[in-house]
Amino acid sequence: MKANENKPKMGWFLKLLMWINIFDALLLLGAYLGTHISPNSMGYLYFLGLGYPILLIIALLFMFFWLFKRREIALISAITLLLGFNHLRHFYSVTLWQTELSDPFKVMSFNVHVFDLYNLEGRESIRDDIIDFLVEEDNDVICFQEFYHQKGQTNFPTKSLISEALGISDIHERYTHELSNNRYFGVTTFSKFPIIDKGEIPFDNDPNNFCIYTDVLKGEDTIRVFNAHIGSIRLQSDDYEFFGDENGPTRYIQEQDAGQRILGRLKNAFEKRAVQANEVARFIEDSKHPVVLCSDMNDTPVSYCYRQFSRLLYDSFVESGNGIGQTYIGKVPSNRIDYIFYDVHFESANFTTHQVNLSDHKPVSVELELIKDL
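Numbers 0 to 373, taken from numbering that gives the first Met the number 0, label the letters of the sequence shown in order.
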């Protein structure tokens, strides 16, 4: 008698679970595929990348379940997870030991959410807490996104206070918006190292976002630091209710127009980010200096945008971080969307996602060291 004749037949419920498992595996494969195809070509695949954490957990649960029920069926999830092992590493990092660096410098990327500018009663406290945090961390290079600065007489100074507190006078700033009373919003890079050259990468498809690059001189070595704020989704207050209100999902199912509006904004943001990422990647490839990239990418590690940088650079979270590392703490489902990348000329250690609630983003930092013998 053959061995498989002794196995009981699968009931309808186990068959249903198997088909759900297969469907989940196909969605995961679609998420993997979406990292290689621009959303301007196949935009719907991008939504699968957003759901990667949930799809991953479902696949893991199925794999362990089938190990006790039908081991051969566990291969469905096991093979799917193996095919996407790199994506798993980008989502969850384990660094058992840190590289010993002899001459490190510390880089931070921080979206400061305009220092909570519109919270008139609490903004000074938030700003001062941010400055205290920066003083404590003692970074050598800081890349700010959503930076706010007001020239001249102001009742809410930012840049001058940070410069004074950190003892930094080398600053590269580029503002995408200028409002009345000389108020400015944009990206800014502070450096303890001398800034010897500057450049910028405008995004034709969205004036609200921008990238600058700053050449800093560390000893005799020039390092090019890119500071990129890439395509925000730009959800409105009504849209956020979907994520923050327990009755939101039911209401939005009933209000089809609202749901379609959110999907439309997501798709539009995906497409804009793809173009912007390609443009920044082109400048990185053309750089004649060692490259560090700090970015609020507004995109997850399972995305086309992320891959445009990870194919050229090392992700410091993957190389020297631990855990999940989620950085966005707003109302929408959170994930890791803030990054520090570096090229082959560096080694990294002690990547940190700082557990402070000073913005709707958590700051990230890493220690880097130039490899002299390349």
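Using N, Cα and C, we set each Cβ at its ideal position, and we do this for glycine too.
Can you tell which of the options has its C-alpha closest to the C-alpha of residue i?
{"i": "residue 46", "options": "32, 101, 59, 137", "result": "32"}
{"i": "residue 109", "options": "315, 295, 302, 311", "result": "295"}
{"i": "residue 301", "options": "13, 44, 15", "result": "44"}
{"i": "residue 200", "options": "178, 215, 221, 174", "result": "174"}
{"i": "residue 202", "options": "329, 279, 81, 40", "result": "279"}
{"i": "residue 68", "options": "219, 290, 320, 17", "result": "17"}
{"i": "residue 215", "options": "204, 178, 207, 191", "result": "191"}
{"i": "residue 372", "options": "366, 344, 128", "result": "344"}
{"i": "residue 171", "options": "177, 197, 366, 153", "result": "197"}
{"i": "residue 316", "options": "339, 304, 303, 177", "result": "339"}
{"i": "residue 104", "options": "284, 291, 84", "result": "291"}
{"i": "residue 42", "options": "81, 320, 273", "result": "273"}
For residue i, count neighbouring Cβ atoms within 10 angstroms of its own Cβ and tell me buried if that reaches 16, exposed if not.
{"i": "residue 243", "result": "Caution applies to residue 243, whose pLDDT of 47 falls short of 50 and renders its modelled position unreliable; the value that the coordinates give is listed next. So residue 243 counts as exposed."}
{"i": "residue 281", "result": "exposed"}
{"i": "residue 318", "result": "buried"}
{"i": "residue 223", "result": "buried"}
{"i": "residue 275", "result": "buried"}
{"i": "residue 181", "result": "exposed"}
{"i": "residue 358", "result": "buried"}
{"i": "residue 138", "result": "buried"}
{"i": "residue 121", "result": "exposed"}
{"i": "residue 26", "result": "buried"}
{"i": "residue 34", "result": "buried"}
{"i": "residue 135", "result": "exposed"}
{"i": "residue 79", "result": "buried"}
{"i": "residue 157", "result": "buried"}
{"i": "residue 206", "result": "exposed"}
Over what stretch of residues does the alpha helix (DSSP H) that includes residue i continue unbroken?
{"i": "residue 91", "result": "Neither: residue 91 is in no alpha helix (DSSP H) and is coded neither H nor E."}
{"i": "residue 48", "result": "43 to 49"}
{"i": "residue 135", "result": "122 to 136"}
{"i": "residue 13", "result": "11 to 33"}
Could you tell me the distance, in whole angstroms, from the CA atom of residue i to the CA atom of residue j?
{"i": "residue 111", "j": "residue 277", "result": "25 Å"}
{"i": "residue 96", "j": "residue 307", "result": "28 Å"}
{"i": "residue 86", "j": "residue 150", "result": "44 Å"}
{"i": "residue 335", "j": "residue 364", "result": "14 Å"}
{"i": "residue 368", "j": "residue 226", "result": "19 Å"}
{"i": "residue 23", "j": "residue 57", "result": "7 Å"}
{"i": "residue 36", "j": "residue 130", "result": "41 Å"}
{"i": "residue 13", "j": "residue 72", "result": "11 Å"}
{"i": "residue 234", "j": "residue 259", "result": "Note on residue 234: pLDDT 48, under 50, position unreliable in the model; the coordinate value appears next. Distance between the alpha carbons of residue 234 and residue 259 is about 12 Å."}
{"i": "residue 361", "j": "residue 328", "result": "7 Å"}
{"i": "residue 252", "j": "residue 370", "result": "Unreliable positioning characterises residue 252 in this predicted model, as indicated by a pLDDT of 49, which lies under 50. A coordinate reading is not provided."}
{"i": "residue 98", "j": "residue 309", "result": "20 Å"}
{"i": "residue 389", "j": "residue 40", "result": "Given that the chain is displayed from residue 0 to residue 373, the structure contains no residue 389 and the question cannot be resolved."}
Terminal residues of the continuous beta strand (DSSP E) containing residue i?
{"i": "residue 347", "result": "345 to 352"}
{"i": "residue 69", "result": "Careful: residue 69 lies outside any beta strand (DSSP E) and carries neither H nor E."}
{"i": "residue 197", "result": "194 to 201"}
{"i": "residue 185", "result": "182 to 190"}
{"i": "residue 108", "result": "104 to 110"}
{"i": "residue 217", "result": "209 to 217"}
{"i": "residue 294", "result": "290 to 295"}
Three or more C-beta pairs below 8 Å linking the stretch 154 to 166 and the stretch 211 to 226: no
Per the contact definition of three or more C-beta pairs closer than 8 Å, is the stretch 350 to 358 in contact with the stretch 222 to 233? no
Okay, do the stretch 50 to 68 and the stretch 257 to 272 touch, 3+ Cβ pairs below 8 Å being the bar? no
The stretch 317 to 332 touching the stretch 85 to 101, judged by at least three CB pairs closer than 8 Å: yes
Is it a yes or a no for the stretch 171 to 189 touching the stretch 125 to 145, going by three-plus beta-carbon pairs under 8 Å? yes
Can you confirm whether the stretch 284 to 300 touches the stretch 62 to 76 when touching is taken to mean that 3 or more C-beta pairs between the two stretches lie within less than 8 Å? no
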